[in-house]
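Written below as structure tokens is the structure these notes are about.
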Amino acid sequence: MKKLTLPLSPEDIAHLHAGDGVLLTGVIYTARDCAHRRLFELLDAGKQLPIDLKSSYIYYAGPCPAPEGKACGSCGPTTAARMNTFAPRLLDLGLCGMIGKGEMSKATREALVRNKKVYFAAIGGAGALCGNAVKTCELVAFPDLLSEAIYKMEVEDFPAVVAHDSFGASVYAD
Amino acid sequence: MRTLDTSLISQCVYRLARKAGITLTPACHALLEQARDKESGAAKFALDTILENEQIAAREQMPVCQDTGMAVILMELGQDVHLTGAPLSVAVDDGVRRAYADGYFRKSICDPLTRVNTGDNTPAHLHVEIVPGEQVYITFLPKGFGSENMSRLYMLTPAEGRAGIVNAIVETARLAGSRPCPPVYVGVGIGGAFDSCAFLAKKALTRDAGTPNAREDVAAIEREALEKINALSIGAQGFGGKVTALGVACEIAPTHIAGLPVAVNIQCHCIRCEKETL
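Taken in order, these protein sequences are the chains called A and B. For the first sequence, position 172 (counting from the first letter as 1) is numbered 173 according to this note's numbering, and the numbering increases by one without interruption. For the second sequence, position 98 (counting from the first letter as 1) is numbered 110 according to this note's numbering, and the numbering increases by one without interruption.
Set out below in structure tokens:
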């Protein structure tokens, strides 16, 4: 397993290939269906986003509430394919990369190659293990969305696999 | 005639929900271990992680998956039971509400149009079947939606027959691909009507994983479909491998002479299902 610190450098990205196991440390932001729709509404209205895309990684996830003594409850990835509608535009605007589960569309993969970015697959269903890798969790935007809100998370040694790399290769069979 | 206060049903739903949210069924655990032992590379890493996660969830009493699901409850209510107290659906929802709050489970139920979250994971998805006797059998199935989204209903023609059924099951797994958290478990309804066929598929998911249908011709469909799904080589998390499905479970019911409904309900590798008799 390759240990990596976010944000990744261009050198890091150049050395990542589909299928590589990694442990990610750094800051990520959760966003799923509803939060993405809100981000697009803000973009379309020409307003400022609550996160700076150029320094952000989006984790497609909605955590369980944090029990006493923990930063975060269970927090595994959700199906990334539902965010294909949004991912290419966000990547073109500078988004650093995404973490989710399952393969993404051809359009998203092309946007990853075009922008030299990587999509990581976390292990779907491993909610407790992923949640324990979250060291801090802070609400950033859209509190009315509850678990679907945007949370800023500091993660440490978060396990994932390079799913779609910056060269167009994929861990999934075509 | 037995009198039963619905507060006891509420407490039972609470117990089942709390346990189901953090625990895989023993049958699921055994199938995951068997799958892990067959794999290598990224698929083995995924299955090792899934099994490690199961231990963490048990040790720390955390939800095994953050998608603690829609609260699906299958209730078989003895016809000699007289229920007293709060209305049944109110009692059931109360058990769900308290379990999801106390267990630090995610609340995942929202209005389909406004997408406003109900905030307490209610209403539960309650199915009641009246059966002989004076007991109440309650099954709690927290159903995640990454897999639910990959489910399909086919209204086949009688001419498509057995081969059509197997094709429908395998096609559903193929189209789902890496998205529903494979290795999946596949519930299949064969027969009935548009609505009851889908319910049969859901009910099939509550059978102990790996237990074949009692009818040999149905069990043969389960075996053939499983073999063909695993030949797709999607593997754990879609990383490629020998085990794409942990099992296929079919339930069957009489249908109309003009039709052959087949419903395929996909369940992820987190098979969580708890049962109790009152």
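Even glycine gets a Cβ: it sits at the ideal position worked out from N, Cα and C.
Would residue i and residue j be called neighbours here (beta carbons separated by less than 9 Å)?
| i | j | result |
| --- | --- | --- |
| A:Arg-90 | A:Leu-44 | yes |
| B:Thr-37 | B:Ala-221 | yes |
| B:Arg-109 | B:Thr-126 | no |
| B:Ala-275 | B:Tyr-112 | no |
| A:Leu-94 | A:Leu-54 | yes |
| B:Gly-158 | A:Gly-103 | yes |
| B:Cys-280 | B:Tyr-197 | yes |
| B:Val-182 | B:Leu-272 | no |
| B:Arg-27 | B:Glu-234 | no |
| A:Asp-145 | A:Leu-25 | no |
| B:Leu-59 | B:Tyr-149 | no |
| B:His-94 | B:Arg-14 | yes |
| B:Ile-177 | B:Ala-265 | no |
| A:Thr-86 | A:Pro-64 | no |
| A:His-165 | A:Thr-80 | no |
| A:Ala-88 | A:Met-105 | yes |
| A:Ser-57 | A:Leu-96 | yes |
| B:Gly-173 | B:Ile-278 | no |
| B:Arg-191 | B:Gly-115 | no |
Below 9 Å on C-beta distance, what does residue i contact in chain A?
| i | result |
| --- | --- |
| B:Gln-279 | Simply none; closest approach about 11 Å. |
| B:Thr-184 | Here the premise fails: no neighbours, minimum Cβ distance about 15 Å. |
| B:Glu-318 | Any question about residue 318 of chain B goes unanswered here, given that chain B covers just 13 to 290. |
| B:Ala-39 | Correct list: empty, because the minimum Cβ distance to chain A is about 16 Å. |
Can you tell me which residues form a DSSP beta bridge with residue i?
| i | result |
| --- | --- |
| B:Val-276 | B:Arg-164, B:Val-200 |
| B:Thr-267 | B:Gly-204 |
| A:Ser-148 | Looking at the DSSP assignment, A:Ser-148 forms no beta bridge with any residue, so it has no partner. |
| A:Pro-160 | A:Leu-24 |
| B:Arg-14 | B:Val-93 |
| A:Cys-138 | A:Met-154 |
| A:Lys-4 | A:Leu-24 |
| B:Val-84 | B:His-137, B:Leu-153 |
| B:Val-255 | Bridge partners of B:Val-255: none, in fact. |
When the cut-off is 9 Å and only beta carbons count, does residue i lie next to chain B?
| i | result |
| --- | --- |
| A:Val-119 | no |
| A:Val-172 | yes |
| A:Asn-133 | yes |
| A:Lys-102 | yes |
| A:Glu-149 | yes |
| A:Ala-108 | no |
| A:Cys-138 | no |
| A:Asp-166 | no |
| A:Gly-169 | no |
| A:Thr-79 | yes |
| A:Gly-47 | no |
| A:Gly-27 | no |
Checking contacts by CB at 9 Å: is residue i closer than that to chain A?
| i | result |
| --- | --- |
| B:Met-87 | no |
| B:Met-82 | no |
| B:Ser-245 | yes |
| B:Met-13 | no |
| B:Cys-282 | yes |
| B:Asn-242 | no |
| B:Pro-135 | no |
| B:Pro-373 | With chain B covering 13 to 290 only, the question about residue 373 of chain B has no answer from this structure. |
| B:Asn-65 | yes |
| B:Pro-124 | no |
| B:Pro-75 | yes |
| B:Gly-199 | no |
| B:Gly-259 | no |
| B:Asn-179 | no |
| B:Asn-161 | yes |
| B:Gly-173 | no |
What in chain B is Cβ-close to residue i, meaning under 8 Å?
| i | result |
| --- | --- |
| A:Cys-76 | Gln-78 |
| A:Ala-82 | Arg-191 |
I want to verify the contact list: residues of chain B whose CB lies under 9 Å from the CB of residue i, in sequence order.
| i | result |
| --- | --- |
| A:Val-162 | Ala-54, Phe-57, Ala-58, Gln-249, Phe-251 |
| A:Pro-66 | Ala-113, Tyr-116, Phe-117, Arg-118, Lys-119 |
| A:Thr-6 | What A:Thr-6 touches in chain B: nothing, since even the nearest Cβ is about 21 Å away. |
Just to make sure I have the definition right: I need the residues of chain A whose C-beta is within less than 7 Å of the C-beta of residue i. Which are they?
| i | result |
| --- | --- |
| B:Thr-61 | Ile-124, Ala-127, Leu-130, Pro-160 |
| B:Lys-31 | Those within 7 Å of B:Lys-31 in chain A number zero; the least Cβ separation is about 15 Å. |
| B:Asn-129 | Leu-147 |
| B:Ala-69 | Ala-129 |
| B:Pro-154 | Result: empty, since nearest Cβ-Cβ is about 12 Å, beyond 7 Å. |
| B:Glu-72 | Ala-129 |
So residue i contacts chain B; which residues on that side make the cut at Cβ distance below 7 Å?
| i | result |
| --- | --- |
| A:Leu-50 | Per Cβ cutoff of 7 Å: no residues; A:Leu-50 is ~20 Å from chain B at best. |
| A:Cys-97 | By Cβ distance, chain B contributes nothing, its closest Cβ being about 23 Å from A:Cys-97, past 7 Å. |
Of all Cβ atoms in chain E, is any one closer than 9 Å to the Cβ of residue i?
| i | result |
| --- | --- |
| A:Ala-62 | In the displayed structure, chain E is absent; the protein chains listed are A and B. |
Given that residue i touches chain A, what residues does it touch there, using C-beta distances under 8 Å?
| i | result |
| --- | --- |
| B:Met-167 | Going along chain A, no residue has its Cβ under 8 Å from B:Met-167, so there is no contact; the nearest lies around 26 Å. |
| query | Fully enclosed by the region 109-136 of chain A, which beta strand (DSSP E) runs are 3 residues long or longer? | reply | Complete beta strand (DSSP E) runs here, min 3: 119-122.
| query | Which ranges would you report for the alpha helix (DSSP H) in the region 87-161 of chain B if only whole runs of at least 4 residues count? | reply | 100-114, 157-160
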